[in-house]
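See below for the structure under consideration.
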Amino acid sequence: MRIFKIIFFLTLAINIFSCSTFKTERVELIREPEKPIIDTGIVIRLVDQANTQLELGEFEKGQRIYEDLLTTYKSENGSFETAILTNLAIASLQSGDREKFLSMVERLNLVSSNLNQLSRNTQIVLLLGMEMTDGVRKRDLRIHSQLYQAVNQAIYLK
């Protein structure tokens, strides 16, 4: 009878110990932060769908898909966002929306600043954005200088 009690308590202690370690491991698993995993199959399909919409002339639908991709998926170094923003900028340019293009270029500048290498399309979009903003600045400066000259001539004529 005494051996039975010892075996019973020993079994009970082992069960209690194993249950408590299981709970500890479970708590550790719950505490671990979840990182979103990019499912490349879904992303490729969505990018292809957006490109198809753009080719069909449905610029708003294509841009909406790209925006959804930007809000859903994030990369650690910004390379994914850079690629999508490049496509968004090109789509904005194709649709004739200059303001949206320039805002995409601005976002692209921020996101791609940490990258060591940029794709050719991204480089072209950034250069075109610089040309467009510099062109506006040059035009504004030219208008400003013409107004300044006109005012000076009017003052000197009096």
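Counting in our numbering, the sequence shown runs from 155 upward without gaps. For each residue, glycine too, the CB sits at the ideal point set by N, CA and C.
N-terminal and C-terminal residue of the alpha helix (DSSP H) that residue 221 is part of:
As a position in the sequence shown, residue 221 is number 67, starting the count at 1. Counting along the chain, the alpha helix (DSSP H) containing residue 221 begins and ends at 213-226.
C-beta atoms of residue 263 and residue 283 nearer than 9 Å
Your numbering for residue 263 matches position 109 in the sequence shown. Your numbering for residue 283 matches position 129 in the sequence shown. In this structure, residue 283 lies closer than 9 Å to residue 263 by Cβ.
Out of 213, 219, 212, point me to the one whose CA is closest to residue 199's CA.
Position 45 of the sequence shown, counted from the start, is the residue given in the question as residue 199. Measuring from the Cα of residue 199, the nearest candidate turns out to be 219.
Cα separation between residue 226 and residue 237?
Walking along the sequence shown from the start, residue 226 turns up at place 72. Walking along the sequence shown from the start, residue 237 turns up at place 83. Roughly 14 Å separates the two Cα atoms.
Tell me whether residue 241 sits in a helix, a strand or coil according to DSSP, three-state version.
Indexing the sequence shown from 1 puts residue 241 at position 87. Looking at residue 241 - three-state DSSP - the assignment turns out to be helix.
Got a sec? Which residues, its chain only, sit under 8 Å from residue 233 by beta carbon, not counting five neighbours each side?
Position 79 of the sequence shown, counting from 1, holds the residue named residue 233. Contacts found: 269.
Pick from 246, 255, 239 that is closest to residue 266, judged by C-alpha positions:
Mapped onto the sequence shown, residue 266 falls at position 112. Considering only alpha carbons, the answer is 239.
How far does the alpha helix (DSSP H) with residue 203 in it extend, from its first residue to its last?
In the sequence shown, residue 203 corresponds to position 49, counting from 1. Where residue 203 is concerned, the enclosing alpha helix (DSSP H) stretches over 194-209.
Sequence-distant residues of the same chain with beta carbon closer than 6 Å to residue 275, five excluded per side:
Within the sequence shown, the letter at position 121 stands for residue 275. Counting only Cβ-Cβ distances below 6 Å, and skipping sequence neighbours, we find 240.
Taking its Cβ as the centre, do 16 or more other Cβ atoms sit within 10 Å of residue 229, making it buried, or is it exposed?
For the purposes of this step, residue 229 is taken as the residue at position 75 of the sequence shown. By the 10 Å Cβ count, residue 229 comes out exposed.
Indicate whether residue 242 and residue 207 have their beta-carbon atoms separated by less than 9 Å.
In the sequence shown, residue 242 corresponds to position 88, counting from 1. In the sequence shown, residue 207 corresponds to position 53, counting from 1. Going by beta carbons, residue 242 and residue 207 fall outside the 9 Å limit.
Just the C-alpha distance for residue 288 and residue 256, rounded to the nearest angstrom, thanks.
In the sequence shown, residue 288 corresponds to position 134, counting from 1. In the sequence shown, residue 256 corresponds to position 102, counting from 1. Cα atoms of residue 288 and residue 256: separation of roughly 12 Å, rounded to the nearest angstrom.
Whose C-alpha, out of 210, 231, 160, is nearest the C-alpha of residue 248?
Here residue 248 refers to the residue found at position 94 when the sequence shown is read from its first residue. For the options 210, 231, 160, the alpha carbon positioned closest to that of residue 248 is the one of 210.
Using alpha carbons as the reference points, say which of 157, 272, 156 lies closest to residue 231.
The residue given as residue 231 occupies position 77 in the sequence shown. Per the Cα distances, 272.
Given a cut-off of 9 Å, decide if residue 197 and residue 223 are closer than it, judged by their beta-carbon atoms.
Position 69 of the sequence shown holds residue 223. Position 43 of the sequence shown holds residue 197. Yes, these two residues count as a Cβ contact at 9 Å.
Let me confirm a value: residue 160 is counted as buried when at least 16 other C-beta atoms fall within 10 Å, else exposed. Which label applies?
If you number the sequence shown from 1, residue 160 lands on position 6. Answer is exposed; the Cβ neighbour count stays below 16.
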